[in-house]
Structures are given as structure tokens and as C-alpha cells.
Amino acid sequence: MARQRHTPKGRLLITGTVLLILLVAGILIAGRTINGVAVQMSGRIVRHISEYHYRLLQVEFERSEGVLDASVQFMRERTAPTDAELHVLAATLMRMDPKAGCVWFAEAGGRTIRSYPRGKTPRTTEAAGDFRQRLIAATDGDSVRSHVTGSGRIQVWSMACPVTDRTGHRHICGIDFPLPEIYTCMTQSPASSGYATLFDPEGVIVYHPDSLKLGRPASDSTGLAAFRKVAATGQSVTVHAISDYLNIDEERIYYPIQLGGRRWVAGIGIPRLVIEQEIDDFHFYTVFAAVISMLFFAVLLVLAQRRWRREYDLRRHSERESAQLHLQQLLEQIDPHFLFNSLNSLYALIRCNPDQAREFTLTLSRVYRRVLERRKQILSTLAEEIDFTWQYYTLQKIRFDDRIELTSAIDPALRNWRIPSMSLQTLVENAVKHNSITGGNPLHIRIRTEGESFLIENNYTPRSDGDKESLGMGLERIRSVYRFYTEENISISVGAGTFRCRLPLLPPEK
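Straight run, no breaks: the sequence shown in the numbering used here ends on number 518.
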């Protein structure tokens with residue numbers, strides 16, 4: 009019995025099926041190890057999310073310190089600043105940090121504090137009894153001091169720093185941050201899953217997603233022990249706890265943060281539900297890989313079609329090169345054709361007007377030099393073609409004087425669009441060559457853009473001895489170029505004593 013031979017497409021189908029089975033088997037085996045990998049992933053997930061929140065807190069409160077630094081720098085470089093200057097400074101600083109509620113200044117050893125609260129009138133208060141008096145009294149040296157204290161029913165985090173101005177006077181610059189404003193600002197900040205808590209060095213909560221906890225000391229025993237360890241060692245600590253905010257299991261990492269010259273502590277809590285969601289996402293991508301495997305099988309089947317397509321493209325490429333060679337041969341016919349027609353015109357001028365013949369010769373040399381420079385250029389911009397045509401028109405103007413006229417109206421937005429090189433000059437030359445031009449019957453040539461096309465028109469009074477074959481050669485060359493680059497082509501119409509030719513404009517070169 010003869011052995012059945014498989015076609016190339018059949019062999020491709022068998023190969024794809026085998027590969028698909030192997031890939032699915034590999035995915036099933038890998039799935040057995042996912043749970044073990046998930047356990048390792050959970051630690052990395054917790055670390056990644058918590059570090060994101062930690063960096064967010066650090067950047068936000070470093071901005072607050074930067075506002076105080078700007079205030080200190082201003083006072084250091086001024087001598088007895090006016091109240092208006094301090095008012096402008098305070099407004100600028102509070103625009104820099106929306107958490108800031110008030111900027112204030114005091115003289116070292118003085119009895120009053122000049123305050124510039126946000127959205128309120130500046131005021132002067134007695135230092136004695138003011139909640140900031142403790143900060144003023146503690147600002148020895150040049151170090152920053154901060155403290156969470158009360159201002160009526162609102163808890164406020166205040167920072168202050170002494171500064172010496174140019175005259176040697178000591179001032180104290182301070183900024184108050186109401187804890188509700190910190191809460192509002194931080195809850196509007198973008199963050200991933202999880203939440204953050206910020207403790208000052210005394211263990212007072214400065215930021216927490218539950219606004220009722222602001223200004224209160226840490227009460228969670230697990231969290232309090234972790235806070236004390238981080239505050240003492242400066243090293244991060246990871247604990248497992250029940251969230252007193254969400255009342256669910258969570259992983260929590262405590263980090264040290266340097267603020268106001270002291271060590272604060274940030275606690276980042278990540279619920280177990282978030283970790284499990286991340287692991288579920290990992291499972292999803294595993295399933296996604298299986299789907300990709302199925303698509304891989306489909307790709308194998310497509311490869312057979314692509315192979316056939318590649319062979320087809322090779323044939324098309326060969327045909328394209330052949331067409332391009334033919335086109336180049338047509339372009340190389342331009343030079344002798346152009347020179348031959350110009351020499352005929354020069355011969356006629358030498359007989360009837362030697363002076364014009366000399367001027368014609370100089371202009372011809374410039375034009376022909378331009379022809380030689382562009383002989384390898386298949387396409388030219390509309391601007392280049394119009395410029396060259398005007399030079400050619402200058403030659404004809406010398407010969408025909410007032411019996412020939414050229415006008416143009418070109419949309420500036422289309423100047424970089426392209427047409428076949430020397431196509432416009434060819435059409436103008438045909439108009440000169442194949443029309444009867446006399447003093448009583450001058451030749452009027454009009455060139456203009458119309459939409460995405462280029463239009464050339466002239467009055468049509470054909471010569472009785474005109475060579476129609478040469479007219480066809482010029483138009484065929486232009487058609488050959490368009491056939492190579494686009495499916496559109498030129499259109500020609502003759503009627504009511506007018507010859508009209510429309511050339512499609514090709515988009516600018518990218």
C-alpha cells in the first residue's frame with residue numbers, strides 16, 4: 009500500500025498542533041508552582057506598595073520643610089522687612105504648599121507674634137499664652153523645631169526656625185499646618201491600594217485616613233511597639249496586625265522619616281485583600297499566556313500564506329524595478345529634447361535679432377545648467393517646478409516679447425507638494441510649440457492650483473504644421489511617472505478655444 013504524502017500545508021498543521029500540545033502541557037506544569045511563587049510574591053507586593061506610600065509622604069513633607077527654608081532664606085537676606093513684604097512672602101509660601109495654614113514671624117526675646125493666616129487678615133498676638141510659645145522658647149541655635157499642639161479645637165503641626173538677618177537681629181520664622189488640612193491634602197493625592205499613618209516623634213498621629221484619629225497618640229499595642237523600635241533604631245519594621253481602621257488582616261511596614269530635624273515614623277498598611285488581588289492578577293496573566301499559545305497556533309497557519317505572499321512580493325518587486333528602469337530611460341530623453349528645441353529657437357533669433365540672441369544664449373546656459381542638476385530627479389516640489397518654469401518662460405519672452413504671457417496663482421500651502429520633474433515646463437513648451445503665436449493672437453498661459461490638483465490652461469490656436477507626435481511624447485512621459493507613483497493620472501481637455509491639462513499633486517515627501 010502506497011504511503012500517503014502530506015502536503016506542505018498539512019505538515020504545517022501537524023507541526024502547529026504538536027507545538028500547541030507541548031505549550032499547554034508546559035503551562036499546566038507551571039501552574040502547579042504558581043502557589044509557591046505567590047507566597048514569595050506577597051512579600052514583594054507588600055514592599056512595593058508600602059514604599060510607594062512612604063515616598064509619597066516623604067516628598068509631601070519635604071515640600072513643607074522647603075517652604076520653611078524659603079522663609080528663613082528670605083529673612084536672612086533682608087534688613088527689617090516691611091509688613092507688606094512679609095505679607096507677600098506668606099502668601100507665596102502658602103501657594104507653594106496647600107497644607108500650610110499660617111506663616112508667622114517673631115523677634116527673638118520679643119513679646120509678640122505677627123501671623124499671616126490663609127484667607128484672613130494679618131494679626132499681631134501676645135506671645136505669652138500662644139500655643140507657639142513653646143516653639144519660640146525652644147529655638148536655641150539654628151535648628152528646626154516642630155511640635156503638634158492645639159489652636160482652639162484644631163490640632164496644628166508647627167515648625168519654627170531661628171534666623172539672623174544682615175544687621176545681626178534674631179528672628180523666628182514659623183509655619184503652622186492644621187492637621188485637617190494635612191488630611192485633606194493627602195487624601196486627594198494619588199496612591200495605590202493601602203493607606204498611610206504618620207506619627208510625630210512623641211507618637212502623636214499627624215496623618216491618618218480616619219480624621220477622628222488626628223492629634224491623638226498611637227493606641228494600637230502592635231503599632232506602638234513598632235513605632236518605638238523604628239524611632240529608636242531608624243530601621244524599618246514589618247508586622248502582621250488587625251487594622252483598627254478597616255478591621256481586617258493587613259501587613260504593615262513602619263519607616264523612619266526625618267522632619268523638622270527629628271525622626272518621625274510612617275506606618276503603611278496593606279490589606280491582605282489587596283495582596284490576594286495582586287496574586288489573582290498574576291493568575292490572570294498565566295491564563296493570558298495560554299490564550300497567546302492558541303494565537304501562536306493560528307500564526308503558524310498564517311505563515312503558509314505569508315510564504316506565498318513573499319514570493320508574490322518578490323515578483324512584484326522585480327516588475328517594479330523594471331518599470332523604474334523604463335521611467336529613467338524616459339527621463340534621460342528630456343535633456344537632448346530640451347536642448348534641441350532651444351537651439352532651434354536660438355537659430356531663429358540669430359537671423360532676425362542678434363542682440364536678443366546673445367541674451368537668449370546667457371539665459372539658456374543658466375536654464376540648461378538647472379536641467380543638468382535635476383536630470384536624476386523624478387519628482388520635484390511644486391515650488392521648484394514653478395521657479396524653473398519661470399526661467400524657461402524668460403527664454404521664450406526674449407523670443408516672443410509681448411506675444412506670450414504667463415500668469416500663476418498658487419496656494420502657498422501646496423508649495424511642497426510634488427509633481428513629475430519638468431512636467432510644467434514640458435506643458436508650457438508644448439503650448440509654445442504647437443500654437444500659432446502672432447501679434448494679433450498672443451499666447452496666454454495660466455497656471456494655478458485647484459484643490460489637490462495643478463491646472464495649466466492656454467488659448468488653443470493650433471499651428472497647421474504642428475508635430476502632434478512630439479506633443480504625445482511629452483504627455484506620455486508625464487503619464488509614465490504618475491503610473492509609477494499613484495493610480496491617479498493627468499486629464500486633458502480641448503474645447504472653446506482652450507487647452508486644459510490637470511495634474512494630480514502628490515503629497516510632500518515625509
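C-beta: ideal position from N, C-alpha, C; glycine also.
- When the beta-carbon positions are compared, Leu76 and Met194 stay at least 8 Å from each other.
- Of the candidates Leu347, Glu70, Glu437, the residue whose Cα lies closest to the Cα of Leu380 is Leu347.
- With contacts defined as CB atoms closer than 8 Å, Arg84 and Val171 qualify as a contacting pair.
- The criterion of a C-beta distance shorter than 8 Å is not satisfied by Thr369 and Leu351.
- Between Ser154 and Leu65, the beta carbon gap of about 15 Å keeps them out of contact (Cβ cut-off 8 Å).
- In chain order, Thr457 place their CB closer than 6 Å to the CB of Ile418, counting only its own chain and leaving out the 5 sequence neighbours on each side.
- Assignment of beta-bridge partners to Phe113 by DSSP yields Arg122, Cys181.
- The beta carbon of Arg142 sits closer than 8 Å to those of His155, Thr157, all from its chain and outside the five residues before and after it, given in chain order.
- Beta-bridge annotation (DSSP): Glu134 is paired with Thr120.
- In this structure, Ile453 keeps its C-beta atom at 8 Å or more from the C-beta atom of Glu393.
- Every unbroken stretch of the alpha helix (DSSP H) spanning 4 or more residues and falling wholly within the region 426-504 is given here in chain order: 431-442, 476-493.
- Between Ser444 and Gln385, the CB-CB gap reaches or exceeds 8 Å.
- Secondary structure in the region 373-403: the beta strand (DSSP E) runs of 3 residues or longer, each lying completely within the stretch, are 387-389 in chain order.
- Taking the Cβ atoms as the reference, Ser72 lies roughly 6 Å from Phe185, within the contact range of under 8 Å.
- In the assembly as shown, Pro420 is an exposed residue. Its beta-carbon has fewer than 16 other beta-carbons within 10 Å.
- Between Asp173 and Thr87, the C-beta gap is smaller than 8 Å, which places the two residues in contact.
- Contiguous beta strand (DSSP E) elements confined to the region 241-280 occur at 245-250, 257-267, 270-279, taking only those with 3 or more residues.
- Here Ala274 is buried, its C-beta having at least 16 other C-beta atoms within 10 Å.
- For Arg140 and Thr132, the gap between their C-alpha atoms comes out near 13 Å.
- With 16 or more other Cβ atoms from the protein chains shown falling within 10 Å of its own Cβ, Ala98 counts as buried.
- In this structure, the straight-line span from the alpha carbon of Ala391 to that of Pro516 is close to 11 Å.
- When DSSP reads this structure, Met167 sits in a beta bridge with Ser154, Ile183.
- By the neighbour-count criterion, in which a residue is buried when 16 or more other Cβ atoms sit within 10 angstroms of its Cβ, Pro279 is buried.
- Taking Ser431 as the centre and dropping the five residues before and after it, the same chain places the C-beta of Ile486 closer than 6 Å to its C-beta, in chain order.
- Residue state for Ala417 is assigned as strand, using DSSP reduced to three classes.
- Secondary structure note for Thr100: its alpha helix (DSSP H) is the uninterrupted segment 91-104.
- In its chain, beyond the 5 residues on either side, Ile445 have a beta carbon closer than 7 Å to the beta carbon of Phe408.
- Going by beta carbons, Leu232 and Tyr191 fall outside the 8 Å limit.
- Note on Phe296: under 16 other CB atoms within 10 angstroms of its CB, so exposed under the neighbour-count rule.
- Following the DSSP letters along the chain, one finds Pro512 inside the beta strand (DSSP E) bounded by residues 506-512.
- By the Cβ-count criterion, Phe304 is exposed, with fewer than 16 other Cβ atoms from all chains shown falling within 10 Å of its own Cβ.
- In the three-state reduction of the DSSP assignment, Leu222 falls in the coil class.
- The three-state reading of DSSP puts Thr87 in coil, since its state is none of H, G, I, E or B.
- Closest by C-alpha distance to Gln163, out of Leu187, Ile144, Gly182, His179, is Leu187.
- CA-to-CA, the gap between Gly74 and Met104 works out to about 9 Å.
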